[in-house]
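Undergrad:
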Amino acid sequence: MTTMTERETQTTQVYQVFIRATPEAIWEAITKPDFTARYFYGARIETTPERRVSHGPDGSVWGDDKVEEYEPPRRLVHSWVSSYDPELADEEPSRVTWEIEPAEGGVSRLTVVHDRLEGAAKTAEHVSGAGWMMVLSGLKTLVETGQPLTAH
Amino acid sequence: MEDDDGVFKALADPSRRLLLDRLLERDGRTLRELESQLEMTRFGVMKHLRVLEEAGLVVSRKVGRTRLHHLNPVPIQQIHDRWLDKYTARRAAALTELKTELEGR
Numbered sequence: 625m626t627t628m629t630e631r632e633t634q635t636t637q638v639y640q641v642f643i644r645a646t647p648e649a650i651w652e653a654i655t656k657p658d659f660t661a662r663y664f665y666g667a668r669i670e671t672t673p674e675r676r677v678s679h680g681p682d683g684s685v686w687g688d689d690k691v692e693e694y695e696p697p698r699r700l701v702h703s704w705v706s707s708y709d710p711e712l713a714d715e716e717p718s719r720v721t722w723e724i725e726p727a728e729g730g731v732s733r734l735t736v737v738h739d740r741l742e743g744a745a746k747t748a749e750h751v752s753g754a755g756w757m758m759v760l761s762g763l764k765t766l767v768e769t770g771q772p773l774t775a776h
Numbered sequence: 134m135e136d137d138d139g140v141f142k143a144l145a146d147p148s149r150r151l152l153l154d155r156l157l158e159r160d161g162r163t164l165r166e167l168e169s170q171l172e173m174t175r176f177g178v179m180k181h182l183r184v185l186e187e188a189g190l191v192v193s194r195k196v197g198r199t200r201l202h203h204l205n206p207v208p209i210q211q212i213h214d215r216w217l218d219k220y221t222a223r224r225a226a227a228l229t230e231l232k233t234e235l236e237g238r
């Protein structure tokens, strides 16, 4: 009784994960390059109240985006251009919102919304599903255990 | 309760899997849209959505005056990581060993 499904690429994508950590620890893992290098495809991402700059493991610029909202440790909003791929880099900027909320029992809820993807169809396809999932899953493992996921 | 318990419980019901299928086709849907796609009462859809939300498989967000429901695949990814990572790592290791052996001849 499996139904075949034709999946549309979403112009608003929502990902959520519960992490056994304080909002402060999660904020640090999101904004400090030494942490991001261990779960964000090896990218060293530095986030300041003004900009979010990402460098790939080879030192090339993977992203240089404007930070729109910077409210540690609860909310970060920045634009997104996939500068790591020339074809994607030409698309319109989209937007990424990180929301961190404390939940019960020492757990925090991290929600990532990637939206305004109307002018960035290829980016939307590229980041959808596995793209963000691997990042969030890796972030959770790193923050909870101090270890990155096993490298394949 | 372990995180996974809620996920397995939520997935154990065919109506809830059907709701996830509908969201997989296109997510960011209202309760009304989901209702019209299924032979289920509004109350039934709401009840199932609540279980899915508690398990983290559905995330709902208010946009203006409407509430939109999104499929959240991360908990399923975590189940994958828990049991399948080991096998993908082992397969990669086996291939490396095979390569070394073949090249060593």
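The listed protein sequences correspond, in order, to chains D and F. Mapping of the first sequence onto this note's numbering: position 102 corresponds to residue 726, and the numbering continues sequentially without gaps. Mapping of the second sequence onto this note's numbering: position 77 corresponds to residue 210, and the numbering continues sequentially without gaps. Note that the Cβ used here is the ideal one computed from N, Cα and C, for glycine as well. Being a predicted model, the structure only gives us computed values, none of them experimental.
#1: Since D:Val641 meets chain F, which of its residues come closer than 7 Å, beta carbon to beta carbon?
#2: Which class does D:Glu692 belong to by DSSP, given the choice of helix, strand or coil?
#3: Nearest chain F C-beta to D:Val767 closer than 8 Å, yes or no?
#4: I'd like to know if F:His203 contacts chain D, where contact means its C-beta is closer than 8 Å to some C-beta of that chain.
#5: Would you mind sorting F:Lys195 into buried or exposed? The rule is 16 or more other CB atoms within 10 Å of its CB.
#6: Output, in chain order, the set of chain D residues within a Cβ distance shorter than 7 Å of F:Gly161.
#7: Let me confirm a value: F:Gly189 is counted as buried when at least 16 other C-beta atoms fall within 10 Å, else exposed. Which label applies?
#8: In three-state terms, what does DSSP make of D:Phe664?
#9: At the level of alpha carbons, what is the spacing between D:Thr735 and F:Glu234?
#10: Assuming D:Ala645 contacts D:Val767 (C-beta within less than 8 Å), just tell me the rounded distance between them.
#11: Can you tell me the Cα-Cα spacing of D:Glu648 and D:Pro696, whole angstroms?
#12: Output, in chain order, the set of chain F residues within a Cβ distance shorter than 9 Å of D:Ser761.
#13: Kindly indicate which three-state DSSP category D:Ala775 falls into: helix, strand or coil?
#14: Residues of chain D with CB closer than 8 Å to the CB of F:Asp136, please, in chain order.
#15: Taking DSSP's pairing of strands, which residues face D:Tyr639 in a bridge?
TA: Well, looking at it:
#1: Here residue 641 of chain D refers to the residue found at position 17 when the first sequence is read from its first residue. Within chain F, the residues near D:Val641 are Val207.
#2: By 1-based counting over the first sequence, the position of residue 692 of chain D is 68. Three-state DSSP puts D:Glu692 in a strand.
#3: By 1-based counting over the first sequence, the position of residue 767 of chain D is 143. Taking Cβ atoms only, chain F never reaches closer than 8 Å to D:Val767, which makes this a no.
#4: Within the second sequence, residue 203 of chain F is the residue found at index 70, counting from 1. Yes, because at least one Cβ of chain D sits closer than 8 Å to the Cβ of F:His203.
#5: Residue numbering aside, residue 195 of chain F sits at position 62 when the second sequence is read from its first letter. Looking at its Cβ environment, which holds fewer than 16 other Cβ atoms inside 10 Å, F:Lys195 is exposed.
#6: Locating residue 161 of chain F in the second sequence gives position 28, where the first residue counts as 1. Under the 7 Å cutoff, chain D gives Gln634, Thr636.
#7: Within the second sequence, residue 189 of chain F is the residue found at index 56, counting from 1. By the 10 Å Cβ count, F:Gly189 comes out buried.
#8: Counting from one through the first sequence, the residue named residue 664 of chain D turns up at place 40. If DSSP states are grouped into helix, strand and coil, D:Phe664 belongs with coil.
#9: Counted from its first residue, the first sequence places residue 735 of chain D at position 111. Counted from its first residue, the second sequence places residue 234 of chain F at position 101. If you take the alpha carbons of D:Thr735 and F:Glu234, they lie about 46 Å apart.
#10: Position 21 of the first sequence, counting from 1, holds the residue named residue 645 of chain D. Position 143 of the first sequence, counting from 1, holds the residue named residue 767 of chain D. Right, the Cβ-Cβ distance comes to about 5 Å (below 8 Å), so this counts as a contact.
#11: Along the first sequence, one-based indexing puts residue 648 of chain D at 24. Along the first sequence, one-based indexing puts residue 696 of chain D at 72. Take the alpha-carbon of D:Glu648 and the one of D:Pro696: they are about 8 Å apart.
#12: Here residue 761 of chain D refers to the residue found at position 137 of the first sequence. Residues of chain F whose Cβ lies closer than 9 Å to the Cβ of D:Ser761 are, in chain order, Val207, Gln210, Gln211, His213, Asp214.
#13: Here residue 775 of chain D corresponds to residue number 151 of the first sequence, with the count starting at 1. Caution is warranted here: a pLDDT of 48 is assigned to D:Ala775, below 50, making its placement in the model unreliable, and the coordinate value is therefore given only provisionally. Residue state, collapsed to three classes: coil.
#14: The residue given as residue 136 of chain F occupies position 3 in the second sequence. Correct list: Phe642.
#15: The sequence position of residue 639 of chain D within the first sequence is 15, counting from 1. Answer is D:Val736, bridged to D:Tyr639.
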